[in-house]
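A short worksheet on the structure shown next.
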Amino acid sequence: KSPVHLPQLIGQCLDSNAMCDDDLELMPDDGSARWLNLTLSPIGGGSVQGLVSDVTERKLSEETARKQAVTDPLTGAANRSGLQHALGMAINQGENPGDGGFALMLIDLDDFKRVNEALGLPVGDEVLKAAAKRLGSCLKLNDTVARIGGDKFAVILPGATKEELAAHIGERMNRILWENFEVHATPIQLGASIGITLFPADGNDLPTLLRNAELALDRAKSAGGNRFTFFDPGMSEAAEQRRAMETDMH
5 KSPVHLPQLI GQCLDSNAMC DDDLELMPDD GSARWLNLTL SPIGGGSVQG LVSDVTERKL
65 SEETARKQAV TDPLTGAANR SGLQHALGMA INQGENPGDG GFALMLIDLD DFKRVNEALG
125 LPVGDEVLKA AAKRLGSCLK LNDTVARIGG DKFAVILPGA TKEELAAHIG ERMNRILWEN
185 FEVHATPIQL GASIGITLFP ADGNDLPTLL RNAELALDRA KSAGGNRFTF FDPGMSEAAE
245 QRRAMETDMH
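Residue numbering for the sequence shown follows the numbering used here, beginning at 5 and increasing consecutively.
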């Protein structure tokens, strides 16, 4: 809130005849934001008295903690919690008429395990950071990229409700992730498998969408990798048949 909310806070204090407090953000000319906590108390006769405290450090610490809670420390992309939060918001927005839907993509680097085994974890970390940066270069500002574990990434594309647009992005990702990663003068070529599902066409809740994208990703990997695959209902049927067969065998 900014100082323009001060009259509202004063009015609230007078109307309720009780102490009120709030944090107000100040923007000095030098652009360095300051936060002040203002506590107001009614003293009669339509007047109030206030106590002002500088809480900038606390507000900045809270903001840092919020960002760290949803950010992958290695790549700077969102983490699993950040992805779930962004997906929840995208689903809620997509339920409003006219807001459209989105595409969810799961991306797995092909043969990444051999990089860690042959060259070590520090080299693998450099590849992951470079991969996240390359994925980000394919996206717009309102898109989301997340690292959700190991060498697996996820991307949310708001407004991509048709396969054509998501396919265009998938092609760019496959192309840019196929290019060599140069780490300590060592060229590393990996490629990526990508699974894509669309909201609301394929599902309208978070567990369903994640499962659909995972099934599509598995199909891309089983087809040889370095490609993208869209979810189709037949994948769910095949997965259910495999699960039933495994249960019967046990």
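From the three backbone atoms N, C-alpha and C, an ideal C-beta is built for every residue, glycine too.
For Gly174, the uninterrupted alpha helix (DSSP H) segment begins and ends at Glu167 to Trp182. Going by beta carbons, Phe232 and Thr201 fall outside the 8 Å limit. Sequence-distant Cβ neighbours of Lys133 in its own chain, meaning closer than 7 Å and more than five residues away, are Leu78 and Thr79.
In the three-state reduction of the DSSP assignment, Asp222 falls in the helix class, which pools H, G and I. The beta carbon of Arg138 sits closer than 7 Å to the beta carbons of Ile180 and Leu181 from its chain, once the five residues preceding and following it are set aside; these are given in chain order.
The residues Gly98, Thr165, Phe203 and Pro204, in chain order, have a CB closer than 6 Å to that of Gly105 in the same chain once the five nearest residues on each side in sequence are set aside.
By the neighbour-count criterion, in which a residue is buried when 16 or more other Cβ atoms sit within 10 angstroms of its Cβ, Asn83 is buried. For a cut-off of 8 Å, the C-beta gap from Thr190 to Leu145 is around 33 Å, too long to register as a contact. Of the candidates Asp34, Glu121, Ile47 and Leu125, Ile47 places its Cα closest to the Cα of Ile14.
Only buried fits Ser197, as 16 or more other CB atoms lie within 10 angstroms of its CB.
Cβ neighbours of Asp155 within its own chain (closer than 7 Å, five residues either side excluded): Asp112, Leu113, Phe116 and Leu132.
If you draw a 10 Å sphere on the C-beta of Arg151, you find 16 or more other C-beta atoms in it, and that means buried.
Secondary-structure assignment with DSSP links Gln53 through a beta bridge to Ser45.
Each residue's CA atom was taken as its position, placing Leu91 and Asp209 some 9 Å apart. For Pro11, the secondary structure class from DSSP, reduced to helix, strand or coil, is helix. According to the DSSP secondary-structure assignment, Ser197 is paired through a beta bridge with Asp112 and Arg231. Between Trp39 and Lys71 the beta-carbon gap is near 16 Å, outside 8 Å, which marks them as no contact. Non-local C-beta neighbours of Val127 in its own chain, meaning closer than 6 Å and more than five positions away in sequence, comprise Val187, ordered along the chain. Ranking Leu125, Met109, Ile173 and Arg118 by CA distance to the CA of Leu219 puts Met109 first. Secondary structure note for Lys156: its beta strand (DSSP E) is the uninterrupted segment Lys156 to Pro162.
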